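**Student:** First, the structure itself, so that you have it in front of you.
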Amino acid sequence: MLKDFWLFQRPNSTLQGRKQVWYWVWNALMMLLAGVSLGFLSLLYAYGNYATAMMRSYLEHPLIAFLNIAPVVVLLLILYGLLGRPWLSFLISSVVVWGFSLANYYKLRFRDDPLMFEDLKYIREAGSITQTADYDLTPDKRIWLGLICIAVGTLFLFFLVRGVPRRRVRIGMIAVGILLCAAGAGVYADDDLYDNKTENFDYINRWSSTQLYLSKGFIYPFLHSITVGSIEPPEGYDADAARELLASYADADLPEERKVDLLTIQLEAFADFSRFAGVEGVDWESAYGTYHALESESYTGNLITNIFAGGTVDTERAFLTGYTDLWNFRTNTNSYGWYFGSQGYTVEGSHPSYDWFYNRRNVNGYLGIPTYYFLENRYSELSPVTIAPDSILFQEIYNLYAANRDGAGGPYFSFNVTYQGHGPYDTEEVWRGDHYTDGRYSTETANIVDNYLGSVADTAEQLAALVDRLRQEERPVVLVVFGDHKPWLGYSNSAYQELGVNLDTATEEGFYNYYSTRYLIWANDAAKEALGEDFVGEGPDVSSCFLMNLLFDLCGWQGNAWAQATTDIWEQIPVLTSVGRYVQHGALTAELDEAGKKALTTYQNLEYYYGTHFQY
Numbered sequence: 034m035l036k037d038f039w040l041f042q043r044p045n046s047t048l049q050g051r052k053q054v055w056y057w058v059w060n061a062l063m064m065l066l067a068g069v070s071l072g073f074l075s076l077l078y079a080y081g082n083y084a085t086a087m088m089r090s091y092l093e094h095p096l097i098a099f100l101n102i103a104p105v106v107v108l109l110l111i112l113y114g115l116l117g118r119p120w121l122s123f124l125i126s127s128v129v130v131w132g133f134s135l136a137n138y139y140k141l142r143f144r145d146d147p148l149m150f151e152d153l154k155y156i157r158e159a160g161s162i163t164q165t166a167d168y169d170l171t172p173d174k175r176i177w178l179g180l181i182c183i184a185v186g187t188l189f190l191f192f193l194v195r196g197v198p199r200r201r202v203r204i205g206m207i208a209v210g211i212l213l214c215a216a217g218a219g220v221y222a223d224d225d226l227y228d229n230k231t232e233n234f235d236y237i238n239r240w241s242s243t244q245l246y247l248s249k250g251f252i253y254p255f256l257h258s259i260t261v262g263s264i265e266p267p268e269g270y271d272a273d274a275a276r277e278l279l280a281s282y283a284d285a286d287l288p289e290e291r292k293v294d295l296l297t298i299q300l301e302a303f304a305d306f307s308r309f310a311g312v313e314g315v316d317w318e319s320a321y322g323t324y325h326a327l328e329s330e331s332y333t334g335n336l337i338t339n340i341f342a343g344g345t346v347d348t349e350r351a352f353l354t355g356y357t358d359l360w361n362f363r364t365n366t367n368s369y370g371w372y373f374g375s376q377g378y379t380v381e382g383s384h385p386s387y388d389w390f391y392n393r394r395n396v397n398g399y400l401g402i403p404t405y406y407f408l409e410n411r412y413s414e415l416s417p418v419t420i421a422p423d424s425i426l427f428q429e430i431y432n433l434y435a436a437n438r439d440g441a442g443g444p445y446f447s448f449n450v451t452y453q454g455h456g457p458y459d460t461e462e463v464w465r466g467d468h469y470t471d472g473r474y475s476t477e478t479a480n481i482v483d484n485y486l487g488s489v490a491d492t493a494e495q496l497a498a499l500v501d502r503l504r505q506e507e508r509p510v511v512l513v514v515f516g517d518h519k520p521w522l523g524y525s526n527s528a529y530q531e532l533g534v535n536l537d538t539a540t541e542e543g544f545y546n547y548y549s550t551r552y553l554i555w556a557n558d559a560a561k562e563a564l565g566e567d568f569v570g571e572g573p574d575v576s577s578c579f580l581m582n583l584l585f586d587l588c589g590w591q592g593n594a595w596a597q598a599t600t601d602i603w604e605q606i607p608v609l610t611s612v613g614r615y616v617q618h619g620a621l622t623a624e625l626d627e628a629g630k631k632a633l634t635t636y637q638n639l640e641y642y643y644g645t646h647f648q649y
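In our numbering, the protein residues as written are 34 to 649.
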């Protein structure tokens, strides 16, 4: 029988000479083939629901294929050395590699967002969202194929590859594996290799961060993303120059007579779809009439974010800090929260969901917001069944403001993040019963759009009610409202496609459709009088990191040295993103002129210096 053939048995004393050589050659080759096959299998999931041509592109770029497969082979080598059992080493390697690959696959399908190393910090959040969002986790053909391949591979190794190396050999295998990991660390962290030598643009839009990631496979960009979470000094960083530049500005206190209460609200996935060109069959006025009425009495404009359909904290932390290149905040870090606190403001805020979402419980404190209300410490009592909607949250924002007004009485800064509007949106039924589409679209798209617009319309109504209450306040109050990103609208952006929305970020229209939301800055009469500004009109396009600079300018505040220095940069480059696009001289561009490049370099140096030298 096959199992009795000497090549497929455990090693024993009868194996001598050529038989012994061929026996171990067979085992080595089969283990190498197993590792390569597992790495190849991982690539099968790397492109999510994007074109299958991506799989071919990986093979057309041998360096990309090698960088994705090599870590799998090394992992298998180390486990083989540790365990000494080919089948068990392969099975455990498969659980690790295929598990991560599958997580990336589903994340791409559901949110058009790849799995990155930093996401491992938010596993609980991902699990919570998966449980409440009703994602369809039914295995498809690719997943069944993966399961079959792993099962067949494990059985093949169990019966036909049975070599158990001696202890000294296994120790050597482990040592070689560790040395390969150490030697390869620099390769996987190399930005030039990642950005230039592994370019694979044939089947993607190079302006999409998601598509750039998946164009390089999965394991390789995932390992490279380990270097993304921490801040690194920019090329040519000069700490002395950054320190001297900041020192050239004198920190300015807010004048007592110009201190106003400041309420800021980041709206989850809130965007004005009525601004899309050429979309028909939707009752925009019913969805956005109330919001447009608020805009007519406010200072409004386009907010250019770095994100699409996810990544909420990028926008909120860019607003709070003035940084566009964000990192994993693990300690007290300079921010506008700290500045307002230093000016005698009570600083607090709310997010009605879990405090571990994006580690806000810790990070908000690091960014100078010492008191923050979450589901755990406030909103579970107000909304015990579901995460508090805007009708509850906005009322509490006002209640907290009023408590400070009637209590400590000092100036007040409130930063709040909503949850209502979080996708995905039901494809089977319309939650609120309000229909905004006229029947020309598929049931799935119509339900997604109707559910989204129903949420938007309700948010606008709650916002209008809050404005009416603030309108009556004798204290000067300024309200800042902005969306964090465009919403998720179906797998692979299916609803956007059916609506005919241009999301081609290589075009100006597509870039704005993809990355822009709206900001709204409203002031009551007392604030208008105190600040000498009417807060009405269409403002400039501005990036998330400069929205606070725009606010300071409207309020007539100089701010600290950081605010003053970045305002000078904002005036030259009002839109500065982390996706390589800018606005200079009123035009969207990927190439700045010499003055713009100098301003960008100055900003990057200041950002790193200020972000790593806490001063409060």
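Think of the CB as a built atom: it goes at the ideal place given N, C-alpha and C, for glycine as much as any other residue.
All values reported here derive from a predicted model rather than from experimental measurement.
In three-state terms, what does DSSP make of residue 364?
**Tutor:** Residue 364 sits at position 331 when you count from the first residue of the sequence shown. Coil at residue 364, not helix or strand.
**Student:** Is it buried or exposed, residue 534, if we count other Cβ atoms within 10 angstroms and call 16 or more buried?
**Tutor:** Within the sequence shown, numbered from 1, the residue matching residue 534 stands at position 501. Buried is the call here.
**Student:** Is it buried or exposed, residue 448, if we count other Cβ atoms within 10 angstroms and call 16 or more buried?
**Tutor:** Translated into positions along the sequence shown, residue 448 becomes position 415. Buried.
**Student:** I need the straight-line Cα distance from residue 433 to residue 483, nearest angstrom please.
**Tutor:** Counting from 1 along the sequence shown, the entry for residue 433 is found at position 400. Counting from 1 along the sequence shown, the entry for residue 483 is found at position 450. Distance between the alpha carbons of residue 433 and residue 483 is about 33 angstroms.
**Student:** The alpha helix (DSSP H) spanning residue 107 covers which residue range?
**Tutor:** Looking up residue 107 in the sequence shown gives position 74. Its alpha helix (DSSP H) spans residues 95-116.
**Student:** Which stretch, first to last residue, makes up the alpha helix (DSSP H) that contains residue 533?
**Tutor:** Sequence index remark: in the sequence shown, residue 533 carries index 500 (1-based). Premise fails: residue 533 is in no alpha helix (DSSP H) and is neither H nor E.
**Student:** I need the DSSP call for residue 68, collapsed to helix, strand or coil.
**Tutor:** By one-based count along the sequence shown, residue 68 stands at place 35. Here residue 68 sits in helix by DSSP.
**Student:** Once the 5 residues before and after residue 221 are set aside, which same chain residues still bring their CB inside 6 angstroms of it?
**Tutor:** Here the question's residue 221 lines up with position 188 in the sequence shown. Hits under 6 angstroms: 256, 257.
**Student:** Give me the Cα-Cα distance between residue 106 and residue 382, rounded to the nearest whole angstrom.
**Tutor:** Within the sequence shown, residue 106 is the residue found at index 73, counting from 1. Within the sequence shown, residue 382 is the residue found at index 349, counting from 1. Each residue's Cα considered, the two are about 49 angstroms apart.
**Student:** For residue 329, does the count of other Cβ atoms within 10 angstroms reach 16, so buried, or fall short, so exposed?
**Tutor:** Residue 329 sits at position 296 when you count from the first residue of the sequence shown. Classification for residue 329: exposed.
**Student:** Over the uninterrupted alpha helix (DSSP H) stretch that includes residue 396, give me the two end residues.
**Tutor:** The residue given as residue 396 occupies position 363 in the sequence shown. 393-399 is the extent of the alpha helix (DSSP H) around residue 396.
**Student:** If you drop the 5 nearest sequence neighbours on each side, which residues of the same chain put their C-beta closer than 8 angstroms to that of residue 462?
**Tutor:** Walking along the sequence shown from the start, residue 462 turns up at place 429. The answer, listed in chain order, is 480.
**Student:** Could you check the C-alpha separation between residue 338 and residue 371 for me, to the nearest Å?
**Tutor:** Locating residue 338 in the sequence shown gives position 305, where the first residue counts as 1. Locating residue 371 in the sequence shown gives position 338, where the first residue counts as 1. Answer to the nearest angstrom: the Cα atoms are 23 angstroms apart.
**Student:** Does the separation of the CB atoms of residue 238 and residue 610 fall below 7 angstroms?
**Tutor:** Locating residue 238 in the sequence shown gives position 205, where the first residue counts as 1. Locating residue 610 in the sequence shown gives position 577, where the first residue counts as 1. It is not a contact, given that the beta carbons lie outside the stated cut-off.
**Student:** By the DSSP assignment, the alpha helix (DSSP H) with residue 369 in it spans what residues?
**Tutor:** As a working note, residue 369 is residue 336 in the sequence shown. Here the alpha helix (DSSP H) through residue 369 covers 369-375.
**Student:** Hey, is the segment 241-256 in contact with the segment 68-84, meaning 3+ C-beta pairs nearer than 8 angstroms?
**Tutor:** Yes: at least three Cβ pairs fall under 8 angstroms.
**Student:** Suppose contacts are defined by Cβ-Cβ distances below 7 angstroms. Is residue 577 in contact with residue 352 by that definition?
**Tutor:** Here residue 577 corresponds to residue number 544 of the sequence shown, with the count starting at 1. Here residue 352 corresponds to residue number 319 of the sequence shown, with the count starting at 1. Yes. Within cutoff.
**Student:** Quick check: the segment 299-315 against the segment 616-633, are at least 3 beta-carbon pairs closer than 8 angstroms?
**Tutor:** Counting Cβ pairs under 8 angstroms, fewer than three are found: no touch.
**Student:** Would you mind giving the Cβ-Cβ distance between residue 451 and residue 426, rounded to the nearest angstrom? I have them listed as a contact below 8 angstroms.
**Tutor:** Your numbering for residue 451 matches position 418 in the sequence shown. Your numbering for residue 426 matches position 393 in the sequence shown. That belief holds up - the Cβ atoms of residue 451 and residue 426 are roughly 6 angstroms apart, short of 8 angstroms.
**Student:** Buried or exposed: which applies to residue 649, given that a residue is buried once 16 or more other Cβ atoms fall within 10 Å of its Cβ?
**Tutor:** The residue given as residue 649 occupies position 616 in the sequence shown. With fewer than 16 Cβ atoms within 10 Å of its Cβ, residue 649 is classed as exposed.
**Student:** By a C-beta neighbour count over all protein chains shown, 10 Å radius and 16 as the cutoff for buried, is residue 488 buried or exposed?
**Tutor:** Here residue 488 refers to the residue found at position 455 of the sequence shown. The residue in question, residue 488, is buried, as its Cβ has 16 or more Cβ neighbours within 10 Å.
**Student:** By the DSSP assignment, the alpha helix (DSSP H) with residue 276 in it spans what residues?
**Tutor:** Here residue 276 corresponds to residue number 243 of the sequence shown, with the count starting at 1. Looking at the DSSP string, the run of the alpha helix (DSSP H) that includes residue 276 is 272-280.
**Student:** Is residue 414 helix, strand or coil by DSSP?
**Tutor:** Start at 1 with the first residue of the sequence shown, and residue 414 comes out as number 381. Of the three classes helix, strand and coil, the one that applies to residue 414 here is helix, per DSSP.
**Student:** From what residue to what residue does the beta strand (DSSP E) around residue 298 run?
**Tutor:** For this step, residue 298 is matched to residue 265 along the sequence shown. Counting along the chain, the beta strand (DSSP E) containing residue 298 begins and ends at 294-300.
**Student:** Taking residue 252 as part of the alpha helix (DSSP H), name the residues at either end of that continuous run.
**Tutor:** As a position in the sequence shown, residue 252 is number 219, starting the count at 1. Unbroken alpha helix (DSSP H) run through residue 252: 252-257.
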